[in-house]
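K.L.:
What the sequence shown shows, in this note's numbering, is residues -15 to 122, in sequence order.
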Amino acid sequence: MCGFRLPPQVQQIIRTELEEIAWNDQQAGETLAVYDIAFRDGSFWKKADASDVNKARPPIAMCQDAIASGVTGDLWIRAIVSNNAWSFGSGLRVFLASGGGAITSAPINSGDTVLVLGRAVTPTTMEFNPETSIRISE
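#1: Where F72 and D36 are concerned, what is the direct C-alpha to C-alpha distance, given to the nearest angstrom?
#2: Please give the ranges of any beta strand (DSSP E) in the segment 29 to 66, keeping only runs that are unbroken, at least 3 residues long and fully inside the region.
#3: Please find out if some non-hydrogen atom of the ligand NAP comes closer than 6 Å to the beta-carbon of F112.
#4: Around the C-beta of V18, are 16 or more other C-beta atoms found within 10 angstroms, so that it is buried, or is it exposed?
#5: Might you give, ordered along the chain, the residues of its own chain that have their beta carbon closer than 6 Å to the beta carbon of E115, omitting 5 neighbours on each side?
#6: In the DSSP assignment, what are the bridge partners of A104?
#7: Does V98 come out as helix, strand or coil in the three-state DSSP assignment?
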């Protein structure tokens, strides 16, 4: 360890700058709900699904709003996201779930694709920062 530390104000700027990265005006290939996890299939975004390895591959994003099929919308590729309907254990990893666009903090089903989407910051807030590596559970 070199012992070098950035001043607190610089650390805050870096944290703030990294909080949200989004792709704007992206076209949905099917109807997507707010907070759905999506993968890119050609030039369209569709619901990601841990039970299908072909639908659980990067790039992965989260819908900022509902997007109708064939319409463009915005997706986060990294963000701090809050949803009062979530109930995560703080600090736990959040995964892509089976069932089209869903997320979970529970163990993955046997045979599903394991894709870490980020970590729970609070029960209703997560740091969405998907891993690029995919591991198949046994």
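Here a beta-carbon is modelled for each residue, glycine too, at the ideal position from N, C-alpha and C.
P.N.:
Let me lay it out:
#1: 24 Å
#2: 44 to 47 and 56 to 66
#3: Inclusion of the ligand NAP in the displayed structure is not the case, the ligand content being empty and no account of it being possible.
#4: exposed
#5: V100
#6: M110
#7: strand
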